[in-house]
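Here's the structure we're looking at; comments come further down.
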Amino acid sequence: MEYGTRAGNPSKTRTQCIVVGVYEDNQLSPTAKLLDKASKGHIRKVLRRSDIQGKQSQTLLLHDVPNVNSPRVLLVGLGNAETIDAHRFASVTMAAITRIKKTSAKNTLCCLLDAEVNEKDLAWKTACMVERFDAGLYSYTEMKGKPPESPPTIESIDFQLADKADRDEVSASIAQAKALTLGIAAAKDVANTPANICTPTYLATEASQLEKDYTSITTTILEEKDMEKLGMGAFLSVTRGSDEPAKLIVIQHKGAKPRDKPHVIVGKGVTFDSGGISLKPGATMYEMIYDMCGAASVLGTMKAIAEQQLPMNVVGVIAAAENMPSGKASRPGDIVKTMSGQTIEILNTDAEGRLLLCDALTYVEKFNPVTVIDIATLTGACLIALGTHATGLFSNADEVADNLIEAGNNTLDRVWRMPIWEEYQTQIKSAFADMQNVGGRDAGSITAACFLARYTKKYRWAHLDIAGTAFKWAGQNKGATGRPVTLLTQYLNDRANET
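In the numbering used here, the protein residues as written are 14 to 512.
Below you can see the structure in the form of C-alpha cells.
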C-alpha cells in the first residue's frame, strides 16, 4: 500500500473514493462540511434520512454526489464529537478500510485527520490509520492453491491535509508507521506459516535474510553443537525428541557506536509444540504452530527498526526448537543442568518454553545489555487471567515496566503488569534439583515468570506473556496478530529518543 498527502478542496480532487467523518446528531466533520457545501446540501439530506446516524464505525457508501469529482464518498460514523478517544478512532479507521476494500476503488482520499482525538496529535492519528489500514488489508494466502478470486483493488491512500504546513509532519509519520507495518506483516507471515515449513532452520533462514536486506543487521546462528559447548542443557532437553535441529539465532542491529550497550529482545520459537511426552490434547494441538510467535515478534521488530534506521544498538535473540515425543525425548522426572549452572527437574515436558528461554536469557548476559525483554506464548494461564486484550507483563525493574506500559498505552498494544513476588518462588522448589519447571495449577503465569526471574538477576528485565494476544482462532481476522511488534518498536523508539 502506498500512502501520500493531498491539500486543497477535496470536492475537486480526482480520486476514486473520499472518506469523511460524520458525528452523531447529524454533525459534520470539517471535510464533510466542504463536501456538503459543494453538493448543495446533499450530505445533510442523506443524514436526515437516518440511513447513517453517525454512530461509531457505521459506514454508508454514496455514489455520484453532486459536484464532487470522486464517484464515491464513504461516510464513516465518528460517534459523539466530545468523546473520541484513541480506541474509538482506531475502531473507526478499521471500519473505513473494511468498507473500502469491498469497493473496486484503486485510490482513496482519506479525510479523517480532521477528527479531534482526545490527547492525540496529528502524527499519532496518521500512524494509527496507516497501521489499521495495512492490518485491514493483510491476508495470508501463501498456502492457497489458487490466488483469491476478488482481492482488494486499493493501491494507494492519500491523507487530506487541513494545512499544507502539516505535510512534513504527516509524511514523517507515514514513513515511520510504514516501517512498522512491514515488521508486523513479516511477523504475521512467519507465524502463519505451518510447522512443516516453518522449522527452526526456516527461522534461521528468515533471520539471515534480514542481514541481506539491511546493512545495519548482522546475523549469527548457533547450532546444537555450539549450545552443547556452552552448557545449554535445558535448551537442548526440549529438542531431543525432534528430528529438526534446534537453533539459537542472534540478530544484531548496529545503529549506534559499537561501545554503546544494546537493548535485547528474546523470543520463544517453538515451531511446533506437541507437548512432548506430556502430550497435549489432540483437539486443539493444531494451534501450536503459533508457539513461535515470540520469535516472530523478534523478527518483525528487528525488521521494523532496521527500516526506521533506529539510532541505537539492539540485539534480537530467537530460541528455536520443536517439542516432539520420541524415544529420545525428555521424560517427566529428568533433571538437566542449565548454562547458568542451576539444575531443573522437568516435571512436565509441555512446560518447555521456559527451558529454552532460561538458557537464552543466560546467554544474553554477554552483551552487557541496558534492558532485556523476552516474549513468549508461555502459559495458558495468562489467557485465562487477561483474555485476548492485554499482554501479561512481569518485570524485576519498575522503570522498565513503566516504560512498557506507557508504550503500550500509546500504541494500543497494551500490557498489564502482574507480580513476581518472592512468595511465589516456593511453588517451583524441587526436592531433587534447584527448581522444577512447573509450580502447580495456581498462578501458572506468575510461577513461569518467577522461573525465568532466576536467570535474569544480572540485568533489568521484563517478560511478556503473549499467549492471549499473539493469535486468534476465530472471526474475520483469524491467525497471527503481529503483537507485540508495535509495543516493542515503540518502546525501543522511546529509549532512542531519551539519548
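Think of the CB as a built atom: it goes at the ideal place given N, C-alpha and C, for glycine as much as any other residue.
Per-residue burial, residue i [other beta carbons within 10 Å of its own, 16 or more giving buried]
| i | result |
| --- | --- |
| Ala296 | exposed |
| Leu292 | exposed |
| Met156 | exposed |
| Tyr299 | exposed |
| Lys442 | exposed |
| Ala217 | buried |
| Lys115 | exposed |
| Lys191 | buried |
| Thr439 | exposed |
| Ser117 | exposed |
| Trp486 | exposed |
| Asn326 | buried |
| Lys238 | exposed |
| Ser134 | Here residue 134 is Asp; the residue named in the question, Ser, does not match the sequence. By the neighbour-count rule (16 or more Cβ atoms within 10 Å), Asp134 is not buried but exposed. |
| Trp474 | buried |
| Gly488 | exposed |
| Phe484 | buried |
| Thr96 | exposed |
Span separating the alpha-carbon of residue i from that of residue j
| i | j | result |
| --- | --- | --- |
| Tyr376 | Gly280 | 13 Å |
| Thr469 | Ser83 | 58 Å |
| Tyr215 | Tyr504 | 28 Å |
| Asn120 | Ile187 | 17 Å |
| Thr194 | Leu60 | 35 Å |
| Gly21 | Arg85 | 18 Å |
| Arg367 | Thr494 | 22 Å |
| Leu126 | Phe146 | 14 Å |
| Lys53 | Asn39 | 16 Å |
| Trp137 | Met448 | 46 Å |
| Pro294 | Glu144 | 36 Å |
| Ser70 | Gln29 | 21 Å |
| Asp49 | Ser24 | 9 Å |
| Ile357 | Ala247 | 8 Å |
| Glu182 | Leu323 | 18 Å |
| Leu360 | Cys395 | 20 Å |
| Val203 | Thr390 | 15 Å |
| Arg344 | Ile331 | 24 Å |
| Ala364 | Gln66 | 51 Å |
| Ile170 | Ala373 | 42 Å |
| Glu180 | Thr18 | It is worth fixing the name first, because residue 180 is Arg in this sequence and not Glu. So the alpha carbons of these two residues sit roughly 7 Å apart. |
| Arg27 | His55 | 19 Å |
| Pro258 | Met245 | 14 Å |
| Glu412 | Leu500 | 16 Å |
| Leu88 | His76 | 11 Å |
| Val105 | Met142 | 9 Å |
| Asp415 | Lys201 | 27 Å |
| Gly313 | Val78 | 42 Å |
| Ile234 | Leu261 | 6 Å |
| Gly452 | Ala148 | 38 Å |
| Ala342 | Ala220 | 27 Å |
| Glu15 | Thr154 | 21 Å |
| Leu122 | Ile197 | 24 Å |
Bridge partner(s) assigned by DSSP for residue i
| i | result |
| --- | --- |
| Ile19 | Strictly speaking, residue 19 in this sequence is Arg, with Ile absent from that position. Gln173, per the DSSP bridge assignment. |
| Arg234 | What sits at residue 234 in the sequence shown is Ile, not Arg. Looking at the DSSP assignment, Ile234 forms a beta bridge with Ile262. |
| Glu335 | Phe285 |
| Asn120 | Ser169 |
| Ser408 | Ala475 |
| Leu41 | Val35 |
| Val349 | Ile357 |
| Lys267 | Asn326 |
is_contact[residue i, chain C] using C-beta, thresh 7 Å
| i | result |
| --- | --- |
| Lys267 | Of the chains in the structure shown, none is chain C; there is only one protein chain. |
Q: Output the residue ranges of the alpha helix (DSSP H) runs that lie fully inside the segment 351 to 399 and measure 4 residues or longer, sorted by chain position.
A: Listed in chain order, the complete alpha helix (DSSP H) runs (minimum 4 residues) inside the segment 351 to 399 are 366 to 376, 393 to 399.
Q: Pair every Cβ in the segment 283 to 290 with every Cβ in the segment 455 to 470, then say whether three or more of these pairs are closer than 8 Å.
A: No: fewer than three Cβ pairs fall under 8 Å.
Q) Fully enclosed by the segment 425 to 497, which beta strand (DSSP E) runs are 3 residues long or longer? A) For the segment 425 to 497, whole beta strand (DSSP E) runs of length 3 or above, ordered along the chain, are 428 to 430, 474 to 478.
Q. Unbroken beta strand (DSSP E) runs of length 3 or more, entirely within the segment 44 to 116: which are they?
A. Here the runs fully enclosed are 72 to 76, 85 to 92.
**Q.** Three or more C-beta pairs below 8 Å linking the segment 343 to 357 and the segment 306 to 320
**A.** Between the segment 343 to 357 and the segment 306 to 320 there are fewer than three C-beta pairs closer than 8 Å, too few to call the two in contact.
Q) Three or more C-beta pairs closer than 8 Å, one from the segment 328 to 346 and one from the segment 421 to 437: is that the case here? A) Not touching, per the Cβ criterion.
(Q) Counting beta carbon pairs with one atom in the segment 236 to 254 and one in the segment 301 to 308, are three or more of them shorter than 8 Å? (A) When C-beta atoms of the segment 301 to 308 are compared with those of the segment 236 to 254, fewer than three pairs fall below 8 Å, so the two segments do not count as touching.
Q | beta strand (DSSP E) runs wholly inside the segment 275 to 329, at least 3 long, in chain order | A | Runs found: 276 to 286.
Q: Write down every uninterrupted run of the beta strand (DSSP E) in the segment 185 to 254 whose length is 3 residues or greater and which is fully enclosed by it, in chain order.
A: Counting only runs of 3 or more, we get 230 to 235.
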